[in-house]
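Read the structure below first, then the notes.
Protein chains in written order, with the numbering used here: chain C, 6 to 362; chain A, 230 to 515.
The structure is reproduced here in C-alpha cells:
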C-alpha cells in the first residue's frame, strides 16, 4: 500500500540532489548568458543606428545660437570625440547601472520617464491580453468543436472584423458611443482629473495602487477609463488568438488519441478539454506570449486616441523629436520584454510538454 | 457456440460529398459470438468503418444506418449519445493501429489507464492504480510502476500496443474490436502482442473482431473470416477452411500471396471484376 501512496500522483520521485542541481544551475547560466548576448546585440544595433542618423545631438541640447565654446564643451561632455566603439562601451556601462542618459526633450533621466510610462502600458496590455485569452481561447475551441456551425461562422466574422478594422476608427467610435453618448465609461486618460495623484504611486499601475491604498473610488474611476482601450486591444488579440486556437484544436481533434478517449466512453466535454486542449497548450503559449509582447510594445494609435501616457507614444514622440537617448532606452525595454517573454514561454514548454524535457 | 453477442443487420456508412453520397459500407450483416471473427479486405474495403460504426464513432458529416446493431437485445443504433457512452469502453472497446498516435502524448500512461477504469467503475484513485498495475502485468509489462509514470513517447511500439490493450480491457468489456492492431508493429513483436490479446480475450470469454489486411494472420488467428470488398461482405468462411474459399476475390487474394512451400516464378495478379461490387452482400449470420 505504501507503494500506492508513493506513486499514485503519477510523478517520478525526485532524483538525488546532485543529479538535478548542477544541470539546473548550468541551464540557468546558459539562459542568462543568452539573454546578455541578445541584449548587448540589440543595444549595439540601436546605438549605432542612433549615432549614424543625421541628427546633431549637441545642437539639440545647446540650441542653434550657442557659442562655439559651449558647443565644444557639450560635444566633449557627451563623449562624441571618442571612437564609436568606445562611446558604445561607455553607454553599455551606464545601461548596466540602469542609466539610460538624459532625455534631450525634458532634461529628465530616461530611466525615470520609462518607470513612469511603462507601467501605464503594462496595465493596459495586461488587461487587454486577459480579455483576449479569456474570450478568445474558448471561442476558438468552440469554433473548432462545432466546425461549420453558426458559432464557427460568427467566430470567423468576429475575428475578421478584429483583423481588418483600423483601431483608430474603432477607438473613436467606441469613445463616441460608450463615453460620449451612453456615458458608460470614462474618457481619455488614465483617471479623471479629480483623481490624479490621489493615491501614492507604489507600482505605477493605478488599479493596483488604488487597491493597495484601499481607495475604491479611484479604482472605479481608473477602471472606467481603462476598460474601453483594454477591451479594444483585447479584441485585436482575441481575433488572432481565437483563430490560432481553432486551427490548433482542429489538428488535435482529428488525432487518433481523441478516438481512443471516445472509445473509453468519455464525454465530449472531457475529450475536448482534458485530451485535445491539453495538447495545444504549448502552441497556445507561443501565440499568447507573442500577442502580449505586441501589446507591451505599446499600441501607439490606441495610446494617442485615449491620451494614454504609455511607452508606445513615448517612443514615437522621442523619435519624432530626435531624442535618441529616450528612443534607445525605450528600445531596450521593449527588447527586454520580448526576450523575457520568450524565455518564459520556453520554460512553460518544458512544464507542459513531457517530450521537451 | 453460445448465443450471439452482437448482431449487425444491414449496416451502411455513408459520406455525403459534393459529387453525391459515398457509401463506405453497404449493407453489411453479421453476428459475433464469443469467438474471434476476422474481417479482411484491401484498403478502402470498409472494414475499419464497419468497426467504428459499431461503436458509433463515425463523426458527422458521416452517417451510419442499420436495421439494427443489437448488443444483447439492445439496439445501439437507437441509443442516445449519453447511453452510448456507457457502452463504449465498458461493453465494447477498440484497439487501434498505431500506439504512437492512439495514446495521448502529454498524459502519463498511468493516468490514461486509470482514467479508462474510473470512467466505468466507482473506484478510488488508489484502487484504480492497483488495478492498472495488475492489468499492465497481465499484458507482460515488466516494471509496471515505472511504466505508469512514463509518457507514451518513452515506450516502444510493442509496449505501446500492449499498454493500449491493457487500457481497453481494464473496464472488462464483452467485445473487443482490434483494428489492424499489429500492422504498425515490428514483425518480431507482432506475434507476442497477438498472443497476449488472444490469451486475455479467451480468459474473459470475450468476442473479438479482428480487422486486418493480412490474410495469413487472420486465417491463423481467427475462428471465422469475413472477406470484404468495396463495402460489402463477399464471402464468409471458417478460418481453417479459407483455402477452400469460393469467391474469385478471395481466391485471387490467396493466390497473390507468396508461399515458402510452393515457390512460384510469378505471383498471380488480382483481377478485379466490377460485378463483385454490385453483387449482393453475403450474410455472415450464424
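Ideal Cβ placement from N, Cα and C applies to all residues, glycine included.
- Taking the Cα positions, residue 182 of chain C is about 13 angstroms away from residue 234 of chain C.
- Less than 8 angstroms separates the beta-carbon of residue 133 of chain C from that of residue 239 of chain C.
- Residues are counted here when their Cβ sits less than 7 angstroms from a Cβ of chain C; for the region 259–293 of chain A these are 284, 286, given in chain order.
- Bounds of any beta strand (DSSP E) do not take in residue 186 of chain C, whose DSSP letter is neither H nor E.
- Residue 236 of chain C has its alpha-carbon roughly 16 angstroms from the corresponding atom of residue 165 of chain C.
- Around the beta-carbon of residue 241 of chain A, 16 or more other beta-carbon atoms lie within 10 Å, marking it buried.
- Considering only beta carbons, no part of the region 212–231 of chain C lies closer than 7 angstroms to chain A.
- CA-to-CA, the gap between residue 456 of chain A and residue 500 of chain A works out to about 16 angstroms.
- The count of Cβ pairs closer than 8 angstroms, one atom from the region 173–182 of chain C and one from the region 303–316 of chain C, reaches three, so the stretches are in contact.
- Look at residue 464 of chain A here: in three-state DSSP terms it is strand.
- Neighbours of residue 373 of chain A in chain C, taken as residues at a C-beta separation under 7 angstroms, are lacking, since the least C-beta distance is about 10 angstroms.
- A Cβ-Cβ separation of about 16 angstroms leaves residue 334 of chain C out of contact with residue 60 of chain C under the 8 angstroms criterion.
- The C-alpha of residue 254 of chain C lies about 14 angstroms from the C-alpha of residue 292 of chain C.
- For residue 415 of chain A, the secondary structure class from DSSP, reduced to helix, strand or coil, is coil.
- Taking the Cα positions, residue 340 of chain C is about 7 angstroms away from residue 44 of chain C.
- Looking at the DSSP output, residue 243 of chain A shares a beta bridge with A/252, A/292.
- Comparing alpha-carbon positions, the option among C/56, C/75, C/297 lying closest to residue 136 of chain C turns out to be C/297.
- By the criterion of a C-beta distance shorter than 6 angstroms, residue 142 of chain C is surrounded in its chain by 250, once the five residues flanking it on both sides are discounted.
- Nothing from the region 426–439 of chain A brings a Cβ to less than 7 angstroms from some Cβ of chain C.
- Legend: CB atoms of the region 384–413 of chain A lying less than 9 angstroms from CB atoms of chain C belong to residues 393, 396, 397, 400, 406.
- Note on geometry: alpha-carbon atoms of residue 288 of chain C and residue 393 of chain A lie some 27 angstroms from one another.
- By the neighbour-count criterion, in which a residue is buried when 16 or more other Cβ atoms sit within 10 angstroms of its Cβ, residue 390 of chain A is buried.
- Secondary structure note for residue 481 of chain A: its alpha helix (DSSP H) is the uninterrupted segment 477–484.
- For the 8 angstroms CB-CB criterion, residue 235 of chain A and residue 269 of chain C do not form a contact.
- Bounds of the beta strand (DSSP E) holding residue 265 of chain A are 265–269.
- Secondary structure at residue 323 of chain A: strand, using DSSP grouped into helix, strand and coil.
- For residue 314 of chain A, the enclosing alpha helix (DSSP H) begins and ends at 310–316.
- For a cut-off of 8 angstroms, the C-beta gap from residue 338 of chain A to residue 379 of chain A is around 6 angstroms, short enough to register as a contact.
- For residue 453 of chain A, the secondary structure class from DSSP, reduced to helix, strand or coil, is strand.
- Within its own chain, the residues whose Cβ lies closer than 6 angstroms to the Cβ of residue 314 of chain C, once the five positions on either side in sequence are excluded, are 122, 125, listed in chain order.
- Under DSSP, residue 114 of chain C shares a beta bridge with C/107.
- Residue 110 of chain C and residue 322 of chain C have their alpha carbons spaced roughly 10 angstroms apart.
- Beyond the five residues adjoining it in sequence on each side, residue 241 of chain C comes within less than 6 angstroms, by CB distance, of 167 in the same chain, given in chain order.
- Flagged as an interface residue toward chain C: residue 380 of chain A, by a C-beta distance shorter than 8 angstroms.
- Put simply, of C/227, C/206, C/252 the residue whose alpha carbon is nearest the alpha carbon of residue 194 of chain C is C/227.
- Using a Cβ-Cβ cut-off of 8 angstroms, residue 351 of chain C does not count as an interface residue toward chain A, since no Cβ of chain A sits closer than that to its own.
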